[in-house]
Amino acid sequence: MDFVDVVPISAKQGKNIDVLRKHVRNHLPKATHHFPEEYVTDRSQRFMASEIVREKLMRFTGEELPYSVTVEIERFDYNPETDGFHINALILVERNGQKKMVIGKGGEKIKTIGREARLDMEELFGRKVYLETWVKVKSGWADDERALR
């Protein structure tokens, strides 16, 4: 494999990030945009909501929770009266012990996950979000292809 350059970076300290960006920009092919400039993603808001909850799960449970967890958005409705989204997120885990990890002592961990996810969603969607989260044990969900869709 031929490399054009090697750029040592530190994402934590922010070192050489600008140099890396410059190198990447200089080597990108010239092409027209595939999407309008104002597009952030080609994914649905529902998908983005599930990914935000999943990201917060991984962040706040760390190494405790294996990656055998999924998030299903059961409700994603816009309410014109509140000018906000009402979102119900179901977190599926394999075992009861994992459920306890996600909920945390006195429900503190799930509250933190929900609050942080809601704040990110509000920033992304540009309006108020009313987020409800539930954790459910569903043994074998990872083997069920329907649950993965």
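Our numbering puts the last residue of the sequence shown at 149; the count rises by one with no breaks. Glycine is no exception: its CB is placed at the ideal position from the N, C-alpha and C atoms. Values in this document were obtained by computation on a predicted structure and should not be read as measured data.
Problem - Proximity below 8 Å, CB of Val137 to CB of Lys99 - result: Residue mapping note: residue 137 aligns to position 137 of the sequence shown, counting from 1. Residue mapping note: residue 99 aligns to position 99 of the sequence shown, counting from 1. Yes, the pair counts as a contact, with Cβ atoms nearer than the cut-off.
Handout entry: Distance between Phe125 and Lys105 (C-alpha atoms, nearest Å)
Key = The residue given as residue 105 occupies position 105 in the sequence shown. The residue given as residue 125 occupies position 125 in the sequence shown. Spanning the two alpha carbons is a distance of roughly 31 Å.
Exercise for the section: For Val154, I'd like the list of residues in its chain whose CB is within less than 8 Å of its CB, leaving aside the five on either flank, ordered along the chain. Expected result: Outside the displayed range of the chain (1 to 149) lies residue 154, so it cannot be described from this structure.
Exercise for the section: Measure how close the beta-carbons of Val53 and Thr133 come, nearest whole angstrom, since I'm counting them as under 8 Å. Expected result: Reading the sequence shown from its first residue, position 53 is the one you call residue 53. Reading the sequence shown from its first residue, position 133 is the one you call residue 133. Between Thr133 and Val53 the Cβ distance is about 7 Å, and since that is below 8 Å, they are a contact.
Problem - Local Cβ density within 10 Å of Ile110, reported as buried at 16 or more and exposed below that - result: Taking the sequence shown and counting its residues from 1, the one referred to as residue 110 is at position 110. Buried is the call here.
Exercise for the section: Compare the C-alpha of Tyr78 against each of Leu20, Glu122, Pro8 and name the closest. Expected result: The sequence position of residue 78 within the sequence shown is 78, counting from 1. Closest by alpha carbon: Glu122.
Handout entry: For Val135, three-class secondary structure by DSSP
Key = Counting from one through the sequence shown, the residue named residue 135 turns up at place 135. Correct three-state label for Val135: strand.
Exercise for the section: Compare the Cα-Cα distances from Val24 to each of Arg118, Asp120, Arg115, Asp5 and report the closest residue. Expected result: For this step, residue 24 is matched to residue 24 along the sequence shown. Taking only the C-alpha atoms, the option nearest Val24 is Asp5.
Practice task
Using alpha carbons as the reference points, say which of Gly140, Arg118, Lys22 lies closest to Glu94.
Solution key: Counting from one through the sequence shown, the residue named residue 94 turns up at place 94. Here the closest residue by C-alpha is Gly140.
Handout entry: Identity of the residue in Glu81, Ser50, Asp42 nearest Leu92 by Cα
Key = Counted from its first residue, the sequence shown places residue 92 at position 92. The shortest Cα separation from Leu92 among Glu81, Ser50, Asp42 belongs to Ser50.
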